[in-house]
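Participant: If you read the sequence shown in the working numbering, its first letter stands for residue 1, the second for the next number, and so on.
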Amino acid sequence: MNRLREHIEEIISLTEEEFNYIKTFFTIKNVRKNQFLVHEGDEVKFEFLTLDGIYKVFYIDENGKEHILQFAKKNWWMTDYIGFFKQKNATMFVECLQDGAVACLTLEGREKLASEFHKMEYFFRTKLTNGYIALQQRIIFLLSSTPQQRYEEFSKLYPDLISQIPKKYVAEYLGVSRETLSRLYSNHK
């Protein structure tokens, strides 16, 4: 729970009493490689804070092609947000790529914390805003950049991820073929 507190206190300060109450809303779950936290069609019960490990959030289109929306590493939040906030069944998957742990929070718990603690409402709003900004930047970059630019930006922003996840996932995230990724990787060395 220390990591949870450190993560929250990057944005707000908490007393011991406040944190002791807040942590009762979270459960810690150890996750194994290839384990799914969210599976398409299932109820989306939790939003997850990554404590350890690497995860991918993706969907599979009608042709069976996988599209990765997000990777998540330490201190990143993830889930199928449409399913979570709208209380609908998942249209996406969340899969563990490297053994780790997550802190799980229900929508009911999130809303109760936000209504009881103005500080937590601010924390959640800040995290959601930052996530929205990152997603918007990703969409704009995907629409307006070349594969080479996308690869260089990804390598610059996430050098740790590039070395820890399979290249096929990097290619899917960047929207390029594995062959194109190999060329980009060779050109980037």
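Beta carbons: idealized from backbone N, C-alpha and C, even for Gly.
So, helix, strand or coil for residue 117, using DSSP?
Facilitator: Numbered from 1 along the sequence shown, position 117 holds the residue referred to as residue 117. DSSP places residue 117 in coil when its eight states are reduced to three.
Participant: Check this for me: beta carbons of residue 31 and residue 100, under 8 Å apart or not?
Facilitator: Locating residue 31 in the sequence shown gives position 31, where the first residue counts as 1. Locating residue 100 in the sequence shown gives position 100, where the first residue counts as 1. A contact, by the Cβ cut-off of 8 Å.
Participant: Per DSSP, what kind of secondary structure is residue 42 in: helix, strand or coil?
Facilitator: What you label residue 42 is simply residue 42 of the sequence shown in a count that begins at 1. If DSSP states are grouped into helix, strand and coil, residue 42 belongs with coil.
Participant: What does DSSP give as the partner residue(s) for residue 100 in the beta ladder?
Facilitator: Position 100 of the sequence shown holds residue 100. Listed as beta-bridge partners of residue 100 by DSSP are 31.
Participant: Consult DSSP for residue 137 and reduce its assignment to one of helix, strand or coil.
Facilitator: One-based indexing of the sequence shown puts residue 137 at position 137. In the structure shown, residue 137 sits in a helix (DSSP, three-state: H, G or I).
Participant: Quick one: Cα of residue 175 to Cα of residue 162, how far?
Facilitator: Within the sequence shown, residue 175 is the residue found at index 175, counting from 1. Within the sequence shown, residue 162 is the residue found at index 162, counting from 1. Near 15 Å, if we compare the C-alpha coordinates of residue 162 and residue 175.
Participant: Assess, as a yes-or-no matter, whether the region 100-115 is touched by the region 36-51 under the definition of 3 or more beta carbon pairs within less than 8 Å.
Facilitator: yes
Participant: With residue 93 and residue 59 assumed to form a contact (beta carbons below 8 Å), what rounded beta-carbon distance in angstroms separates them?
Facilitator: Start at 1 with the first residue of the sequence shown, and residue 93 comes out as number 93. Start at 1 with the first residue of the sequence shown, and residue 59 comes out as number 59. That belief holds up - the Cβ atoms of residue 93 and residue 59 are roughly 7 Å apart, short of 8 Å.
Participant: Which two residues bound the contiguous alpha helix (DSSP H) that contains residue 161?
Facilitator: To locate residue 161, count along the sequence shown from 1; it is residue 161. Segment 159-164, the alpha helix (DSSP H) holding residue 161.
Participant: Buried or exposed for residue 142, please, with buried defined as at least 16 other CB atoms from any protein chain shown within 10 angstroms of its CB.
Facilitator: Within the sequence shown, residue 142 is the residue found at index 142, counting from 1. Exposed.
Participant: Are the region 115-123 and the region 51-71 in contact at 8 Å, needing three or more beta carbon pairs?
Facilitator: No, because fewer than three Cβ pairs between the region 115-123 and the region 51-71 fall closer than 8 Å, the two stretches do not touch.
Participant: Does the contact criterion of 3 or more C-beta pairs under 8 Å hold for the region 65-74 versus the region 171-186?
Facilitator: yes
Participant: Across which residues does DSSP place residue 146 in a beta bridge pair?
Facilitator: The residue labelled residue 146 in the question sits at position 146 within the sequence shown. Beta-bridge pairing by DSSP links residue 146 to no other residue.
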